[in-house]
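Worksheet: the structure to be examined is printed underneath.
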Amino acid sequence: MKHTEQEMILLKEEVNRMWQLVLSQLEKARQAFLTNDTDLAREVISREKRVDVCELKIESDCENYIALYSPVAIDLRLTLSLMKICSTLERIGDFAAGIAMHVLDEDCQGIPTSLIEKLEMEQMFTVLQGMLSDCYVALESENTQIAGRIFSRDKEVNAIYHAAPKVLAQFLTEHPEHIYCGLKLLLLIRKLERIGDHCGNIVEEIVFYVDAKVLKHNKSKAD
Numbered sequence: 001m002k003h004t005e006q007e008m009i010l011l012k013e014e015v016n017r018m019w020q021l022v023l024s025q026l027e028k029a030r031q032a033f034l035t036n037d038t039d040l041a042r043e044v045i046s047r048e049k050r051v052d053v054c055e056l057k058i059e060s061d062c063e064n065y066i067a068l069y070s071p072v073a074i075d076l077r078l079t080l081s082l083m084k085i086c087s088t089l090e091r092i093g094d095f096a097a098g099i100a101m102h103v104l105d106e107d108c109q110g111i112p113t114s115l116i117e118k119l120e121m122e123q124m125f126t127v128l129q130g131m132l133s134d135c136y137v138a139l140e141s142e143n144t145q146i147a148g149r150i151f152s153r154d155k156e157v158n159a160i161y162h163a164a165p166k167v168l169a170q171f172l173t174e175h176p177e178h179i180y181c182g183l184k185l186l187l188l189i190r191k192l193e194r195i196g197d198h199c200g201n202i203v204e205e206i207v208f209y210v211d212a213k214v215l216k217h218n219k220s221k222a223d
């Protein structure tokens, strides 16, 4: 095995570890939110620094790989894609920490479970976790056919997000004492919607690496 191949394997392993960490962060943020588990929320926040460290390490290693080996064609595309993917994973990690911080907001402890159900927030979490897992499978298997499925699931996330203001407006009309928490929930749902967008960005990088196609700004990419 060539030294360049060994280095690329190590890079992929680093990205894998970061990916699993971010998936874990998102799952724990989900659990903390749905069960109002403040201890778990604090754990998510404290582990956010690990995500940041992973991003900086991978970015540095990718830059060194390019400087040392001057990769071309698919090897260069992979290296550039890994850099962008780890940056996107870091943003998703930030959103997971933001969800955890919401759990610690003492002014938002009395939101009825029925509202969370009407907003379909648990479903949002489920879809997003599936999207992020599928992105990882697509990268590992170099299977860009999964891309269409991921973009379709992002539409489901967007539909829930766009329905949220009406649901919240009706609830807050009947329960004006929850106006602060209602607005905070809307911001939280926006964070979840952005995670879906970031999963789409990851898919674009995978397609660029595998197929040498640029999907960014391509309105037909979900077809």
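Counted the way UniProt numbering counts, the sequence shown spans residues 1 to 223.
Note that beta-carbon positions come from the ideal geometry of N, C-alpha and C, so glycine has one too.
What you are looking at is a predicted structure, and each value in this text was computed from that prediction instead of being measured.
Requested in this report: Output the distance between the C-alpha atoms of Ala222 and Gly182, rounded to the nearest integer angstrom.
Outcome: The pLDDT assigned to Ala222 is 44, lower than 50, so where the model puts this residue is not dependable, and the model offers no usable value.
Requested in this report: Could you name the residues of the same chain whose beta carbon sits closer than 6 Å to that of Thr144, not counting the 5 residues immediately before and after it, in chain order?
Outcome: Val207, Val210 and Asp211
Query raised in the report: Val15 to Ile58, Cα distance in whole Å?
Result: 7 Å
Query raised in the report: Of all the options Leu215, Val214 and Glu205, which has the alpha carbon lying nearest to the alpha carbon of Cys86?
Result: Minimum Cα distance to Cys86 is reached at Glu205.
Query raised in the report: Rounded to a whole number of angstroms, what is the C-alpha to C-alpha distance between Leu78 and Ile9?
Result: Between the alpha carbons of Leu78 and Ile9 lies a distance of about 12 Å.
Query raised in the report: Which of helix, strand or coil does DSSP assign to Pro176?
Result: DSSP, read as helix, strand or coil, puts Pro176 in helix.
Query raised in the report: Would you call the CB atoms of Phe95 and Arg194 closer than 8 Å?
Result: yes
**Report entry** Distance, Gly148 Cα to Val137 Cα
**Finding:** 14 Å
Query raised in the report: For Gly155, which option in Lys191, Leu139, Gln123 and Gly196 has the closest C-alpha, if you only look at C-alpha atoms?
Result: Residue identity differs from the one stated: residue 155 is Lys in this sequence, not Gly. Per the C-alpha coordinates, the member of Lys191, Leu139, Gln123 and Gly196 positioned closest to Lys155 is Gly196.
Query raised in the report: Three-state secondary structure (DSSP) at Val103?
Result: helix
Requested in this report: Quick one: give me the first and last residue of the alpha helix (DSSP H) that Asp61 is part of.
Outcome: Thr38 to Tyr69
**Report entry** Inter-residue spacing [alpha-carbon to alpha-carbon] between Arg153 and Tyr69
**Finding:** Cα-Cα distance, rounded: 38 Å.
Requested in this report: Pick helix, strand or coil for Val127, following the three-state DSSP scheme.
Outcome: helix
Requested in this report: Give a yes or no on contact between the segment 11-27 and the segment 44-54, applying the rule of three or more CB pairs nearer than 8 Å.
Outcome: Inter-segment contact for the segment 11-27 and the segment 44-54 is present: three or more beta-carbon pairs are separated by less than 8 Å.
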